[in-house]
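Structure record follows, encoded as structure tokens.
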């Protein structure tokens, strides 16, 4: 799961609302990516900065620094934790965020919108990870 999440340059591999991502530099703290957003959302582009990455602790921090959307001063922290569920090894993924409430919206509306996007991303991450896990098991057989 971490191998998907840590790819700051390829968020579209599991984030269903991203159609394209362009990174013009080495992947390191401070790297900026330009993301194209799929239609259906109130945005077409987002500019995002890699704030922090820890491959040992499985933590990724991202800040939105531009774009044609209303998520101003948005920052998120994604962390992965090993879990055993019903005797099976798994991964607990958490994402926390802070964002300014846009004028004309309430805190509740803003949180509901962002939490819905995060939930879609996490559901997609689970699906893609399970599919890749199944593929790697079948390759070994």
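Numbering (the UniProt record's numbering), first residue to last: 1 to 141.
C-beta: ideal position from N, C-alpha, C; glycine also.
These figures come from a predicted structure and were not determined experimentally.
Evaluate residue 120 with the Cβ neighbour count: other Cβ atoms within 10 Å of its Cβ, from every protein chain shown; 16 or more gives buried, anything less gives exposed. exposed
Alpha carbon to alpha carbon, what distance is there between residue 87 and residue 11? 30 Å
Which of helix, strand or coil does DSSP assign to residue 128? helix
In this structure, does DSSP put residue 137 in helix, strand or coil? Any reading at residue 137 is ruled out, since the residue's pLDDT is 39, under 50, leaving its predicted position unreliable.
How big is the Cα-Cα spacing for residue 139 and residue 107? With a pLDDT of only 41 at residue 139, under 50, the local geometry of the prediction cannot be trusted, and the value read off the model is given with reservation. Roughly 47 Å separates the two Cα atoms.
Drop a sphere of 10 angstroms on the beta-carbon of residue 41, count the other beta-carbons inside from all chains shown, and report buried for 16 or more, exposed for fewer. exposed
For the beta strand (DSSP E) that contains residue 3, what are its first and last residues? It is not in any beta strand (DSSP E) - residue 3 instead sits in the alpha helix (DSSP H) that spans 2-5.
Let me confirm a value: residue 37 is counted as buried when at least 16 other C-beta atoms fall within 10 Å, else exposed. Which label applies? buried
Closest residue to residue 20 among 8, 114 and 30 (Cα-Cα distance): 8
Quick one, are the C-beta atoms of residue 82 and residue 94 less than 9 Å apart? no
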